[in-house]
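J.: First to last, the protein sequences are chains A and B. So for the first sequence, our numbering puts the first residue at 525; every next one is plus one. So for the second sequence, our numbering puts the first residue at 2; every next one is plus one.
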Amino acid sequence: DNLINPKDEL
Amino acid sequence: MNVFRFLGDLSHLVAIVILLLKIWKTRSCSGISGRSQILFAIVFTTRYLDLFSNFISVYNTSMKIVYITCSYATVYLIYGKFKATYDFNHDTFRIEFLLVPSAILAFLVNHDFSPLEILWTFSIYLESVAILPQLFLVSKTGEAETITSHYLFALGSYRLLYLLNWLWRYFSQGFYDLIALLSGILQTVLYCDFFYLYISKVLKGKKLSLPA
C-alpha cells in the first residue's frame with residue numbers, strides 16, 4: 525500500500 | 002531524500018531563523034503576527050509528538066527539535082521580552098476560525114482514527130492556513146518590512162518545494178499522501194498573491210506596500 529503518511533518528512 | 006525535500010527543509014529553517022534574528026536584532030516584533038506564531042508552535046507540537054516514539058534519523062530528530070525550540074522562542078520574544086513592540090491593534094485575526102475547522106476536519110478526514118494520527122492530521126490542516134493572521138496583518142497595515150517579506154518568501158517557498166518533492170516521490174516511489182498533498186497545495190496557493198508582490202517589488206529593491 526503506497527498510501528503511507530510522509531512521516532519521514534518534517 | 003531528494004533535492005526538493007532538502008531545499009524545502011532548508012528554506013523552512015531559513016524562514017524561522019530570519020524571523021528570530023529580525024526580532025532579536027531590531028529588538029522589535031512590529032509587523033509580525035503573534036497569532037500566526039502561536040499557530041506554528043501548535044503545528045510543530047502536535048506534529049512532532051512522535052519525536053521520542055518513532056526514530057527516523059539524526060537529521061530528522063534534530064530538525065524537529067530546532068523547529069519546535071525556535072517556534073517557542075519566537076512566541077516568547079513576541080509575548081514576553083518584546084511585548085511592548087507587539088502590534089496588538091492590528092493582529093486581530095480570530096484564530097479559533099482556523100483551529101476549530103482544522104480540528105473537526107482532522108476528526109473526519111484522516112488515515113487512521115488514533116490520537117497520534119488525528120493530531121498529525123490536525124497539524125497538517127492547521128499549518129496550511131496558519132499564515133493567514135500574518136497575511137491579514139500585512140493587508141491591514143498595507144505594508145511589510147523587507148526582512149518580513151524575505152521571511153514570508155522563504156516560508157512560502159518551503160511548501161512549494163515540498164510539492165515538487167511529492168511529485169518526485171510519486172513518480173520514483175509511487176508514494177503519495179492526499180492529506181499532505183491537498184493541504185500543501187492550499188498552503189502554497191495562499192502565498193501566490195504575496196509571491197507576486199515579492200517578485201515585482203521587493204526583488205527590485207522596493208518595500209512591499211499594498212495598493213491603496
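A virtual CB, placed ideally from N, CA and C, is assigned to each residue, including glycine.
Can you tell me where the alpha helix (DSSP H) with Tyr77(B) in it begins and where it stops?
T.: Val59 to Tyr77 is the extent of the alpha helix (DSSP H) around Tyr77(B).
J.: Would you grab the beta carbon distance between Pro134(B) and Ser37(B) for me? Rounded to a whole angstrom, and I think it's under 8 Å.
T.: Indeed they touch by this definition, with Cβ atoms about 4 Å apart.
J.: Would you list the residues sitting across from Ser210(B) in a DSSP beta bridge?
T.: For Ser210(B), which the question treats as bridged, DSSP gives the partners Glu144(B).
J.: Return helix, strand or coil for Cys30(B), following the three-state DSSP convention.
T.: Cys30(B): coil per DSSP, three-state reduction.
J.: Can you list, in chain order, the residues of the stretch 132-143 of chain B whose Cβ is nearer than 9 Å to any Cβ on chain A?
T.: Going along the stretch 132-143 of chain B in chain order, one finds no residue with a Cβ nearer than 9 Å to chain A.
J.: Contact between the stretch 63-82 of chain B and the stretch 28-46 of chain B: three or more CB pairs below 8 Å?
T.: They touch, by the three-pair rule.
J.: By the criterion of Cβ-Cβ separation under 8 Å, what are the contact partners of Tyr68(B) in chain A?
T.: Correct list: Leu534.
J.: Which complete beta strand (DSSP E) runs does the stretch 82-129 of chain B hold, if anything under 3 residues is left out?
T.: Those beta strand (DSSP E) runs which fall completely within the stretch 82-129 of chain B and span 3+ residues do not exist here.
J.: I want to see whether chain A comes within less than 7 Å of Ile43(B), judged by CB atoms only; does it?
T.: Taking Cβ atoms only, chain A never reaches closer than 7 Å to Ile43(B), which makes this a no.
J.: For Ala85(B), count neighbouring Cβ atoms within 10 angstroms of its own Cβ and tell me buried if that reaches 16, exposed if not.
T.: Exposed, because fewer than 16 other Cβ atoms sit within 10 Å of the Cβ of Ala85(B).
J.: Specify the secondary structure class of Phe137(B) as computed by DSSP and reduced to three states.
T.: Phe137(B) falls in the helix class under three-state DSSP.
J.: Where Ile33(B) and Phe5(B) are concerned, what is the direct C-alpha to C-alpha distance, given to the nearest angstrom?
T.: C-alpha separation (whole angstroms): 28 Å.
J.: Would you identify the three-state DSSP class for Ala131(B), choosing helix, strand or coil?
T.: Reduced to three states, the DSSP call for Ala131(B) is coil.
J.: Compare the C-beta of Asp92(B) against all C-beta atoms of chain A and say whether one is closer than 7 Å.
T.: Not an interface residue.
J.: Tell me which same chain residues have a C-beta within less than 8 Å of the C-beta of Phe83(B), skipping the five on either side of it?
T.: For Phe83(B), where only same-chain residues beyond five positions count, the Cβ hits under 8 Å are Ile24, Arg28, Ser29 and Cys30.
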